[in-house]
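Just so you know, the sequence shown maps onto residues 1051 to 1214 in the working numbering.
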Amino acid sequence: MSEGQTWFMSRSDQGALVWLDARDGTTSVLTIVCDLAENAPAPVPPTGVDLDQFEQQELEGMRASLLGGWRDQSGKTQPFLEGVEFERIELRGRFPDTQVVSTFRAADRPGILFARRWNLYDELGNTSNLEYADIHLMEDVKAVGRGFPPLDECEPDVDGVVWF
């Protein structure tokens, strides 16, 4: 606190300091921009991990889950997400930027190609397990009030994909 001003970190805008002058009710934001990328350590492949094998295993796991669907108690197969058709699930990029990318269409958003990507490595090169990635996608699609964006808010990128 300085001369009637209170400073605090913004929760909605990381890297911003907000000040409030209690005397006259004025506020302002001081955004701190500091690119530390050049000082970050280079990603290093994890010791003892066969990268090709790890990547293939994560890809196959996502394919099995998203394309394989669910089996109910009677043994009947149900789609992983009702009303969602998965088109492709593939690997893109090379270490450390390897991702599993899934493209899919939603029955209630005709003509729109959606996609989701999952990084297989963090910024240091450590493996990122996709164990619950499929469930998180399901939760995002089925979330009340969230789900897929309205048609007028589906903004495709240059490749015609709406990243979800």
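Note that CB positions come from ideal geometry on N, CA and C, so glycine has one too.
For L1187, the three-state secondary structure derived from DSSP is helix. The DSSP-derived three-state label of N1169 is strand.
Counting other Cβ atoms within 10 Å of its Cβ, I1185 stays below 16 and is therefore classed as exposed.
In this structure, the CA atom of R1113 is about 21 Å from the CA atom of V1099.
Rounded to the nearest angstrom, the Cβ distance from V1211 to T1153 is 7 Å, consistent with a contact under 8 Å. Contact between I1139 and L1116 holds: their C-beta atoms lie close to 6 Å from each other, under 8 Å. For C1204, same chain residues with a beta-carbon under 6 Å away, outside a window of 5 residues either side, are I1162, V1212 in chain order. The criterion of a C-beta distance shorter than 8 Å is not satisfied by L1187 and P1091. Its chain contains no residue whose beta carbon lies nearer than 7 Å to that of R1144 once the 5 sequence neighbours on both sides are disregarded. If you compare the alpha carbons of D1202, P1146, N1169, R1167 with that of P1160, the shortest gap goes to D1202. Runs of the beta strand (DSSP E) lying entirely within the region 1101 to 1152 and spanning at least 3 residues, in chain order: 1134 to 1142.
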